[in-house]
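Structure first, commentary second.
Protein chains in written order, with my numbering: chain A, 832 to 1322; chain B, 832 to 1322.
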């Protein structure tokens, strides 16, 4: 093992960066701002994808695939959306390379292969999708149209961080079309619910469901719903968004339908997405100074078995390990047996601790005689000796317990770090000294929101959906407010 | 139903294009050469993905993800590969748009946001992946490295056709690194075997396994293995390739490892891929003038149930259909119940015939009384009345039978259309009058290969792996040949 990770309490940001690299989750690539997702990190992302994909299908959605490129003329059709993304667009201008006459063996862009119209690498796909929907929707019979796509998108970011903010990232984007406003709003809220359920039940991450202020809305949306989570350093992370698009894109791309009475109207739209950013949330919410802590439902290996070999006579031990692996697999548990002889048990213990495998089973020749095994739990770092009899049930129960325990710990942390604050001085002090979510009154104006952001770097994460009605006065301007909103500094 | 499809015998190409669109598989997009894969087409692709992904994992591979973009300097590092793809590369030159001062509401590429180094949109990922492997491989302990990626790639094609040749397509690309030449060759052949097994057992498509001639090799490979299938019009389609890269990329990107004796050497590589082109193969191999014919293992719905409603009293009928659906689902069969009242049964029959659903069950009130159902088989277009008792087993067996029957039909066709030809005149005549695979002797020179291609548009599809030793003379030059190679005109 190389030297220890930085401690969260001393260098949270350094801890995160090192952890992502050392646990083999991702690394920076030769392309500015783009990451390589390594096999172990990708295996976690696959588990997220499979779960979300199932949830999307259970709620009636189908997958499809739309082009990577958006012609500039389509991209600019919905003006708010185009303006919102224009500054971070990668643009394809040429379609051919040729040999560089001045440098043998080198290539150059062929100036004769310039595209008539530039192509934007999709930063999001509303434009290309709604231009397609125009051909798919004529009548109410074609609605609702409930489509999702798993794709890569590119947003040219100046400051990037692995998983949290990268120029290229992987995501899913749902794009639905409806015949009524009410149905589109219902869909927007339903998908927010799916995201919240996924966050809580799989990521083990409690989230606040809410609505963004107009300032923080998706460009082109009438309303943006979001789920907001709290990281261990007291900063918020937006973990998913669901947008009610009204008829904006239908109007920009002339998508109309005939209703049952024969009347022609524009279609109502939604879009919603989560991305590889969830990997960042997962890592930052639960992990500790020893490495990753993974919720069992998303761990690539829920259990690792490490044989404690000694001397040369290990045949029986290794055979027992194989049988144990088979038993656990049969019970539906994902298991890795690390019987490599190129690494020592101590190295393996540290490795799987770093990689957050929820349960570690170690078994030596003495355990064999006792029909027992050493069981270590990653989240609590506790160990116990248990019998091999009925080990399957014991581990199945333990995995559930760990999943719940990780969630409860994160929830307790969030509750502790969520404060109601009524005056601006305390608000600022709290942000610096004991950061977390702050529920405070705000006068509802973009000016005050902007002032708070400039002065404190805290933003309104959302207006919580379950907000209680509470008359109060804005902590900054003293103007009336009818409920608290959720503030935090954020990723 | 709109007008019938063109007939294969009259306009095979028109039949294919219309079928792809009308069966809701894919359509052209607003972006030149890029397609939209529609939900029904994507559902078939998902089944292919899931199956292949499982097969890759069973053979020890892990998924990962590498950047979409390749910096030009990395792209050109392996010269053969770079030269092979240079003419079809989409190039990103700028990273920002701005408001066009001359056109209100329009955007333009910001000339101040020009990239210092152009980025190539990956046409294949050897360059970016091997530049990454350099950091991952130091010792024999790091090998073999067995990685796959599911991704989109872009190759700027001038003439495009849905699924068969598109500027952007979806694929998987495996990239492996090994410590010995023998192991890398074994991997190359193993993955060819996986592709052949997938083609035969899932696509129901017999394939010839072989090796490409040097002319037809992947740019940068020492050997390209392929599987070749025959379409109903007698043209060949390359359905997958597996490349032995030797140490080419290791040398270009300086990827070395220390072996057990402490000696430093370059790593040996392979890469292998299949793409959404398989969708084209699937469609063209089995479908008929009525529409798609899908092998049950890849059909999004293996069975469709159509209630024959009549008058108003259909409650019992619809309830029976629901119960039947539940029974079939429970037996592991994917079922669609189309109980929409917006379309008539006749319309639905034509629709599911067009979409290739393997088994159609129709049930009316009279069937209810007889405890029976009408069962129609898509591949043979036959119908029979069967009892509802034990329907699950009957359908499970039938699905197996259909899968096998489709394969056998394609195999019989290929055998009929595979001819041994010994003289060039017969070769040319055969290509025009009775096209298919032709096994002929060739003198082994690129010149003769090129001449045949120019004169007949036929190419050497492969040197079959199971080729029998047979002394002969080249049909063009009369020079000696030690075995027949496989010729065809190809997609």
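Glycine included, every Cβ here is placed at the ideal spot set by N, Cα and C.
Own chain, CB closer than 7 angstroms to residue i, minus 5 neighbours either side, in chain order
i                       : result
residue 1128 of chain A : 1033 and 1234
residue 924 of chain B  : 945, 946 and 949
residue 1313 of chain A : 1300 and 1302
residue 1308 of chain A : 1274 and 1279
residue 832 of chain A  : Its pLDDT being 47, under 50, residue 832 of chain A is placed unreliably in this model, and the value from its coordinates should be taken loosely. So the list reads 1178 and 1181, once near-sequence residues are dropped.
residue 1241 of chain B : 1035, 1036, 1037, 1116 and 1117
Cβ shell of residue i (< 8 angstroms), same chain only, five flanking positions each side left out
i                       : result
residue 1011 of chain B : 1099
residue 1163 of chain A : 1227
residue 1188 of chain A : 1125, 1130, 1132, 1133, 1134, 1135, 1167 and 1209
residue 1021 of chain B : 890
residue 914 of chain A  : 1050
CA-to-CA distance, residue j to residue i, given in whole angstroms
i                       : j                       : result
residue 1270 of chain B : residue 1119 of chain B : 27 angstroms
residue 1217 of chain B : residue 1203 of chain B : 5 angstroms
residue 1035 of chain A : residue 1025 of chain A : 14 angstroms
residue 889 of chain A  : residue 1014 of chain B : 44 angstroms
residue 1142 of chain B : residue 1178 of chain B : 18 angstroms
residue 958 of chain B  : residue 856 of chain A  : 21 angstroms
residue 1247 of chain A : residue 1294 of chain A : 20 angstroms
residue 897 of chain B  : residue 868 of chain A  : 7 angstroms
residue 1284 of chain A : residue 1261 of chain A : 15 angstroms
residue 1231 of chain A : residue 1190 of chain A : 12 angstroms
residue 1172 of chain A : residue 1166 of chain A : 18 angstroms
residue 847 of chain B  : residue 1063 of chain A : 56 angstroms
residue 1060 of chain B : residue 1069 of chain B : 6 angstroms
residue 965 of chain A  : residue 1083 of chain A : 10 angstroms
residue 909 of chain A  : residue 1017 of chain A : 23 angstroms
residue 870 of chain A  : residue 893 of chain B  : 6 angstroms
residue 1152 of chain A : residue 1195 of chain A : 10 angstroms
residue 1205 of chain B : residue 1185 of chain B : 19 angstroms
residue 991 of chain B  : residue 1174 of chain B : 35 angstroms
residue 1250 of chain B : residue 1264 of chain B : 13 angstroms
residue 861 of chain B  : residue 1103 of chain A : 23 angstroms
residue 1161 of chain B : residue 1008 of chain B : 43 angstroms
Integer Cβ distance of residue i from residue j, believed to fall under 8 angstroms
i                       : j                       : result
residue 983 of chain A  : residue 1003 of chain A : Contact doesn't hold; Cβ gap of about 11 angstroms is too wide.
residue 1139 of chain B : residue 1176 of chain B : 5 angstroms
residue 1080 of chain A : residue 961 of chain A  : 4 angstroms
residue 1318 of chain A : residue 1289 of chain A : 5 angstroms
residue 1074 of chain B : residue 1044 of chain B : Residue 1074 of chain B to residue 1044 of chain B, Cβ: 14 angstroms. No contact.
residue 998 of chain A  : residue 912 of chain A  : Incorrect: roughly 19 angstroms between the Cβ atoms, too far for contact.
Check: residue i C-beta below 7 angstroms from any heavy atom of the ligand HEM
i                       : result
residue 1241 of chain B : Here there are no bound small molecules, and the ligand HEM is not part of this structure.
Own chain residues within Cβ distance below 6 angstroms of residue i, not counting five before or after
i                       : result
residue 1071 of chain A : 1026, 1058 and 1105
residue 1077 of chain A : 1053
residue 882 of chain B  : 1033
- Query: Closer than 7 angstroms, Cβ to any Cβ of chain A: which residues of the stretch 1100-1124 of chain B, in chain order?
  - Reply: none
- Taking Cβ-Cβ distances below 7 angstroms as the criterion, which residues of the stretch 861-873 of chain A are in contact with chain B? 861, 862, 865, 867, 868, 869, 870 and 873
- Query: What residues in the stretch 949-969 of chain A have a beta carbon less than 8 angstroms from any beta carbon of chain B?
  - Reply: 949, 950, 951, 952, 959, 962, 963 and 966
- Task: Pick out the complete beta strand (DSSP E) segments inside the stretch 957-1027 of chain B, 3 residues or longer, and give them in chain order.
- Result: 976-985 and 999-1009
- Task: Enumerate, from N- to C-terminal direction, the unbroken beta strand (DSSP E) stretches of 3 or more residues contained entirely within the stretch 1050-1116 of chain A.
- Result: 1054-1061, 1067-1077, 1087-1089, 1095-1097 and 1099-1106
- Message: To be precise: take each residue of the stretch 894-911 of chain B, compare its Cβ to all Cβ atoms of chain A, and keep it if any distance is under 9 angstroms. Which residues remain?
- Response: 894, 895, 896, 897, 898, 899, 900, 901, 902, 903, 904, 905, 906, 907 and 910
- Task: Only counting runs of 3 or more residues, tell me where the beta strand (DSSP E) segments fall wholly within the stretch 842-866 of chain B, in order along the chain.
- Result: 857-859
- Item | Every unbroken alpha helix (DSSP H) within the stretch 1276-1304 of chain A, with a cutoff of 4 residues, ordered by chain | 1277-1287
- Query: Of the residues that make up the stretch 1144-1167 of chain A, which ones have a beta carbon closer than 7 angstroms to any beta carbon in chain B?
  - Reply: none
- With a floor of 4 residues, list each alpha helix (DSSP H) that falls wholly inside the stretch 1172-1237 of chain A, ordered by position along the chain. 1176-1185 and 1196-1201
- Message: Any C-beta of chain B within less than 8 angstroms: which residues of the stretch 980-1014 of chain A qualify?
- Response: 982, 983, 985, 987, 999 and 1001
- Item | Contact set between the stretch 910-925 of chain A and chain B, restricted to residues whose Cβ is under 9 angstroms from the partner | 910, 913, 914, 916, 917, 918, 919, 920, 921, 922, 923, 924 and 925
- Residues, ordered as in the chain, of the stretch 924-939 of chain B that lie near chain A by beta-carbon distance below 7 angstroms: 924, 925, 926, 927, 928, 929, 936, 937 and 938
- Message: Tell me which residues of the stretch 1167-1192 of chain B have at least one Cβ-Cβ distance to chain A shorter than 8 angstroms, keeping chain order.
- Response: 1173
- Inside the stretch 1124-1165 of chain A only - alpha helix (DSSP H) runs reaching at least 4 residues: 1146-1161
- For the stretch 905-947 of chain A, which segments carrying the beta strand (DSSP E) assignment without a break, of at least 3 residues, lie completely within its bounds, in sequence order? 922-925, 928-930 and 938-940
- Message: At a CB distance below 7 angstroms, what residues from the stretch 1214-1230 of chain A approach chain B? Give them in sequence order.
- Response: none
- Message: Counting only Cβ-Cβ distances shorter than 7 angstroms, please list the residues of the stretch 1268-1290 of chain B near chain A, keeping chain order.
- Response: none
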